[in-house]
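Residue numbers (our numbering): 165 to 496.
Quick reminder that beta carbons are idealized off the backbone N, C-alpha and C, glycines included.
First comes the structure, then the notes that go with it.
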Amino acid sequence: MSEMTQTAAKPRIERSATASRTYTIFVIIGLAALILAPMFFYPIFLMKLLCFALFACAFNLLLGYTGLLSFGHATFFGGAAYFTAHVVKEWGFSPELGILTGVVGAALLGLVMGFFAIRRQGIYFAMITLALSQMFFFFCLQAEFTQGEDGIQSVPRGHLFGFIDLNSSTNMYYFVLAVFLIGMVIIWRFINSPFGMILRSIRENEPRAISLGYSVARYKLGAFVMSAALAGLAGGLKSLVFQFATLTDVAWQMSGEVILMTLLGGIGTLIGPIFGAGLVVTLQNYLATSQFPVTIVTGVIFMVCVLVFRRGIIGEFYASRLGRKLGFEHRR
165 MSEMTQTAAK PRIERSATAS RTYTIFVIIG LAALILAPMF FYPIFLMKLL
215 CFALFACAFN LLLGYTGLLS FGHATFFGGA AYFTAHVVKE WGFSPELGIL
265 TGVVGAALLG LVMGFFAIRR QGIYFAMITL ALSQMFFFFC LQAEFTQGED
315 GIQSVPRGHL FGFIDLNSST NMYYFVLAVF LIGMVIIWRF INSPFGMILR
365 SIRENEPRAI SLGYSVARYK LGAFVMSAAL AGLAGGLKSL VFQFATLTDV
415 AWQMSGEVIL MTLLGGIGTL IGPIFGAGLV VTLQNYLATS QFPVTIVTGV
465 IFMVCVLVFR RGIIGEFYAS RLGRKLGFEH RR
């Protein structure tokens, strides 16, 4: 009996090893591409892509691995942008302390919003997050420190650690890249930890998780706060890259945009949201000066993905014959 078990497990082990090798190769190629990218593409475009990719991955942490659909993630992205822009411009904080302030502020907002939202499930959870997000939007519209409809403009990038001038686009790009990679490592570690495994069990069968003795509400709240903090990290970076924070960052359209990015790439996959964010940002960048309406083109692509790629583009690749052969169906 043990020999039969070992024989059955051998192909699975081989697929897992193949997937690990393939992932390692992809990571090395991806890192090399990101390092060399400023030589071929406009740095501001690349930095915007990285900021929104991190934002989408943070959102996917909640939707893809916990099964909670939030319509209010713009609160954390835009809130952190406002916090970072304000303390850097008005209080003279260094860029690293400004971003840290934004992350802490977003985490606190996530704690408050999550405390109320996790008491409901499904569409009720989504509607509560949307309602609370709209409340924060109107707060930003009226608050003095946000400067209303004008937003916080001319935010200085400053000097990282006191000596690296972030006014240089090259220095700023590699700073954004470093923060993006740190954020991705945190997400990878989070979803592959025992905490992340429990979140997956909650997503798959919440009553079963409750019957096993897990405090589901606490795990959901922990995931919500972690997702909010990482979304805040992306928002704080964005405010330094573009040197402003406006109401657009906290509007409900921003929440819809990150949902679109995640669904296009593939929920529950690590690199799917990155691909989705890259697709949306690229379309916005290259169609902005053309006669094609960006929203209509994006909507058409989304419809095609919903009809043809039900799991998202990367999700369908993982489920394809090539993906299964490479062992990607086990690497979600």
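Suppose the cutoff is 6 Å on Cβ atoms and the five residues either side in sequence are ignored; what does the same chain contact list for residue i look like?
i           : result
residue 166 : Legend: pLDDT at residue 166 = 49, less than 50; position of this residue unreliable, value from coordinates given subsequently. Within the same chain, residue 166 has no close Cβ partners at all.
residue 222 : 391, 394, 395
residue 320 : none
residue 218 : 344, 347, 398
residue 290 : 233, 235
residue 448 : 458
Give me the Cβ distance between residue i and residue j, rounded to the nearest whole Å; I'm assuming they're in contact under 8 Å.
i           : j           : result
residue 461 : residue 213 : Rounded, the Cβ-Cβ distance is 18 Å, inconsistent with contact.
residue 243 : residue 273 : 5 Å
residue 411 : residue 305 : 6 Å
residue 427 : residue 443 : Not really, about 11 Å apart at Cβ, beyond 8 Å.
residue 477 : residue 439 : 6 Å
Spatial neighbours of residue i within its chain, please: CB distance less than 7 Å, with the 5 preceding and 5 following residues excluded, ordered by chain position.
i           : result
residue 363 : 229, 230, 383, 387
residue 202 : 210, 334, 337
residue 341 : 198, 214
residue 284 : 292
Using the C-alpha atoms, what's the distance from residue j back to residue i?
i           : j           : result
residue 407 : residue 371 : 46 Å
residue 349 : residue 307 : 35 Å
residue 339 : residue 324 : 9 Å
residue 467 : residue 475 : 13 Å
residue 296 : residue 276 : 10 Å
residue 255 : residue 317 : 14 Å
residue 260 : residue 252 : 10 Å
residue 329 : residue 453 : 31 Å
residue 355 : residue 434 : 9 Å
residue 357 : residue 485 : 29 Å
residue 360 : residue 227 : 13 Å
residue 481 : residue 190 : 14 Å
residue 208 : residue 331 : 12 Å
When you compare the CB positions of residue i and residue j, do they come within less than 7 Å of one another, or not?
i           : j           : result
residue 216 : residue 441 : yes
residue 430 : residue 399 : no
residue 389 : residue 270 : no
residue 225 : residue 351 : yes
residue 513 : residue 402 : In the structure displayed, the chain extends from 165 to 496; residue 513 sits before or after that span and is not available.
residue 194 : residue 258 : no
residue 266 : residue 293 : no
residue 409 : residue 315 : yes
residue 250 : residue 204 : no
residue 451 : residue 282 : no
residue 437 : residue 418 : no
Using a Cβ-Cβ cutoff of less than 8 Å, which residues in the same chain neighbour residue i once the five nearest sequence positions on both sides are dropped?
i           : result
residue 415 : 238, 242, 301
residue 185 : none
residue 420 : 235
residue 469 : 427, 428, 476, 477
**Asked** For the 8 Å Cβ check, are there 3 or more pairs between the region 374-382 and the region 182-200?
**Response** Flag = no, the region 374-382 and the region 182-200 do not touch.
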